[in-house]
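Notes follow once the structure below has been shown.
There are 2 protein chains.
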Amino acid sequence: MCHHCVIDSVKDRMLSRRDFFKGGAVAGAAAAASLAAPAPLFAQKAMPTKAEDLTHELFEAFPTFFNEQQLFKKALFNYAEHKFNINEWRFNEHTGTHLDAPLHFSADGKSVAEIPVADLVCPLAIIDIRQKAADNADAQVTPDDITAWTDANGDLPEGACVAMLSGWGAHLETGKFRNVGEDGKTMHFPGFHIEAAQMLMEAPSVKGIAVDTLSLDHGPSPDFAVHYAWLPSGRWGLECVANLESLPASGATLVVGAPKLRGGTGGPSRVIAMV
Amino acid sequence: MCHHCVIDSVKDRMLSRRDFFKGGAVAGAAAAASLAAPAPLFAQKAMPTKAEDLTHELFEAFPTFFNEQQLFKKALFNYAEHKFNINEWRFNEHTGTHLDAPLHFSADGKSVAEIPVADLVCPLAIIDIRQKAADNADAQVTPDDITAWTDANGDLPEGACVAMLSGWGAHLETGKFRNVGEDGKTMHFPGFHIEAAQMLMEAPSVKGIAVDTLSLDHGPSPDFAVHYAWLPSGRWGLECVANLESLPASGATLVVGAPKLRGGTGGPSRVIAMV
């Protein structure tokens with residue numbers, strides 16, 4: 000599918016799902032006029048007492064979308080010889096637990112260095128689809144899942160990041176993380192449905208979405224529909240997030256330690272949650 | 000100076016300055032038995048309302064200790080041709096606003112990936128030596144500066160990072176950041192005095208030190224005395240920290256978004272303070 004076909008297809012599907020968005024279920028949907036609208040730094044009422052690491056360790060064989068090695072380490076100085084250690088690393092920006100900046104899927108969107116720091120600290124809403132993902136590796140976060148979350152937890156907090164917990168982090172060091180099907184190429188892992196992304200885009204304050212898999216779009220996506228809708232809107236995404244199962248569905252605060260690479264389309268990030 | 004001479008010299012100076020440490024001025028000095036002792040996540044009493052970015056943007060010409068380029072960017076995919084953008088970066092771990100892990104100056108200290116996440120979130124104490132640094136580029140944070148801080152602000156908070164604010168961040172894109180002297184090689188910028196580092200090491204809960212210059216040791220240091228004392232003790236350092244002047248001397252909470260590189264001796268970090 001060519002780029003323009005992809006965009007048209009995505010737009011059509013967005014419009015067709017407008018009726019799914021009820022308007023009242025996302026805090027600030029009516030009030031917030033732009034992404035830059037200030038939101039409280041912390042959603043929780045009590046001072047956080049614990050930091051949880053949502054970051055996978057980065058190693059050279061970290062699984063990748065394209066199934067080619069994307070991280071390379073080289074020792075420059077070693078203690079035995081030089082009395083100090085220094086390494087050089089080479090990496091594709093989209094490796095490990097990492098951020099997708101708007102520039103990743105747009106001609107002139109914000110680079111990772113241009114995302115305001117206030118947008119890297121936000122309340123975290125976790126949508127648990129582990130049960131359906133266990134039954135179906137191609138499961139997606141749908142508008143119904145978002146509605147189920149707000150039914151159980153109240154409005155999405157202003158300026159939130161909405162994360163998918165599919166349980167896929169447990170498969171990181173096995174073939175099931177990429178989960179290539181019988182055709183030898185199509186991957187099968189969970190992601191966001193374009194209609195869920197569109198629903199969240201109608202809540203202007205939502206800053207980011209996060210997944211514990213290799214892509215915001217689910218494995219068999221033919222068109223990166225979520226990438227092409229979400230990122231050019233000025234929002235960010237997080238992929239290969241770890242350890243979401245250690246957190247409550249609502250109430251944690253996310254800090255995205257994204258690298259401040261000039262012109263970067265994203266990058267390996269230290270992602271920490273406070274609870 | 001050979002490695003063993005350096006270590007012996009550092010040890011001698013540590014012992015000679017023990018009388019500078021009064022014991023009572025650092026919270027938890029007596030009680031905390033190890034670096035792993037739990038400390039409150041936030042020092043401030045009120046919920047933080049603002050995030051300050053303490054990270055310089057990373058660009059290929061970012062000044063370096065060795066005065067050789069340490070960061071390289073290469074486009075792998077571009078929007079015009081591929082409908083998405085991805086870059087590859089190559090970097091020396093000790094580039095930009097970055098963390099020094101214990102492994103940087105020890106044979107077998109903790110790598111950057113092995114630092115517990117709880118040690119990357121801590122109260123921030125800022126020692127302002129801008130006035131003396133303006134008069135003397137070789138100025139150092141001394142035990143007297145630490146005592147002046149505790150006299151003004153009370154005990155150092157449990158588990159703190161102690162940061163030097165020398166004002167050097169303003170020189171980042173000028174020759175004054177490295178500030179090479181008339182001999183054509185010796186650099187002149189502020190850093191920690193070994194006796195201040197030793198004083199802080201006697202407060203077992205202090206997790207890190209930070210500087211707004213290229214090195215924990217001041218420019219003319221012949222022996223990396225602070226590096227060789229501080230890092231092998233299991234603590235971390237931050238170099239080239241930005242924007243400390245925007246923060247209060249006491250009361251901010253630091254989040255160090257260090258890259259979780261397996262076997263890494265440190266790395267470019269997203270450093271964010273909450274106030």
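Going down the list, the sequences are from chains F and L. The numbering of the first sequence is numbering that gives the first Met the number 0, which starts it at 0 and goes up by one. The numbering of the second sequence is numbering that gives the first Met the number 0, which starts it at 0 and goes up by one. Each residue gets a CB set at the ideal place from its N, CA and C atoms; glycine is no exception.
Worksheet entry | Interface partners of Gly262(F) on chain L, CB under 8 Å | Lys72, Asn86
Item to complete: Return the Cβ separation of Leu75(L) and Asn66(F) in integer angstroms, given the expectation that the two are a contact with Cβ distance under 8 Å.
Response: Not a contact, Cβ separation roughly 15 Å.
Fill in: Residues that DSSP places opposite Lys73(L) in a beta bridge
Glu87(L)
Worksheet item: So what does Asp127(F) bridge to, in DSSP terms?
Response: Leu164(F)
Worksheet item: Can you list, in chain order, the stretches of the alpha helix (DSSP H) that have 4 or more residues and sit fully within the region 148-199 of chain L?
Response: none
Practice prompt. State the DSSP-derived secondary structure class of Pro142(F), mapped to helix, strand or coil.
Written response: helix
Worksheet item: Arg261(F) bridges to which residues according to DSSP?
Response: BP columns for Arg261(F) are empty, so no partner.
Fill in: Interface partners of Asp211(L) on chain F, CB under 8 Å
Those do not exist, as Asp211(L) stays about 16 Å from chain F at its closest Cβ, beyond 8 Å.
Worksheet item: If you run the structure through DSSP and keep just helix, strand and coil, what is Arg269(L)?
Response: strand
Worksheet item: According to the Cβ coordinates, are Glu201(F) and Pro142(F) closer than 8 Å?
Response: no
Worksheet item: Going by other Cβ atoms of all chains shown within 10 Å of its Cβ, with 16 needed for buried, is Pro221(L) buried or exposed?
Response: exposed
Item to complete: Using a Cβ cut-off of 7 Å, pull out every chain L residue sitting near Asp276(F), in sequence order please.
Response: Only positions 0 to 274 of chain F appear in this structure, which leaves residue 276(F) out of reach.
Item to complete: Below 6 Å CB to CB, which residues in the same chain sit around Thr264(F) once its five sequence neighbours on both sides are set aside?
Response: Glu92, Ala100, Leu102, His103
Discussion item. Out of Thr96(L), His226(L), Val205(L), which one is the CA nearest neighbour of Asp52(L)?
Written reply: Thr96(L)
Practice prompt. Measure from the C-beta of Asn178(F) to each C-beta in chain L and report whether the shortest distance is under 8 Å.
Written response: no
Discussion item. Output needed for Asp11(F): all residues of its chain with C-beta closer than 8 Å, excluding positions within five of it in sequence on either side, in chain order.
Written reply: With a pLDDT of only 45 at Asp11(F), under the threshold of 50, the placement of this residue in the model should not be trusted; the figure read from the coordinates follows. Around Asp11(F): no qualifying Cβ.
Practice prompt. Starting from Gln257(L), find everything on chain F with Cβ-Cβ shorter than 9 Å and list it in chain order.
Written response: A small fix is needed here, since residue 257(L) is Ala in this sequence, not Gln. The contacting residues are Gly256, Arg269.
Discussion item. Counting only Cβ pairs nearer than 8 Å, list the residues of chain F close to Glu92(L).
Written reply: Ile85, Asn86, Glu87, Trp88
Worksheet item: Terminal residues of the continuous beta strand (DSSP E) containing Ala251(F)?
Response: 251-256
Worksheet entry | Cβ-Cβ separation, Arg261(F) to Phe58(L) (assumed contact under 8 Å), whole Å | 4 Å
Discussion item. Spatial neighbours of Leu253(F) within its chain, please: C-beta separation below 6 Å, excluding the five flanking residues on both sides.
Written reply: Cys121, Leu123, Cys160, Ala272
Item to complete: Give the range of the alpha helix (DSSP H) segment to which Ala50(F) is assigned.
Response: Per DSSP, Ala50(F) belongs to no alpha helix (DSSP H); it is in the beta strand (DSSP E), 50-52.
Fill in: C-alpha distance - Ala196(F) paired with Asn152(F), whole-angstrom precision
19 Å
Practice prompt. Output the distance between the C-alpha atoms of Met186(F) and Pro62(F), rounded to the nearest integer angstrom.
Written response: 12 Å
Discussion item. Check whether chain L comes within 8 Å of Leu246(F), counting only Cβ atoms and requiring the distance to be less than that.
Written reply: no
Discussion item. What does the alpha-carbon distance come out to for the pair Met46(F) and Met46(L)?
Written reply: 6 Å
Worksheet item: Any C-beta of chain L sitting closer than 8 Å to the C-beta of His97(F)?
Response: no
Fill in: Any 3 or more C-beta pairs closer than 8 Å across the region 165-175 of chain L and the region 211-220 of chain L
yes
Worksheet item: Interface residues of chain L around Ala112(F) at Cβ under 7 Å?
Response: Glu56
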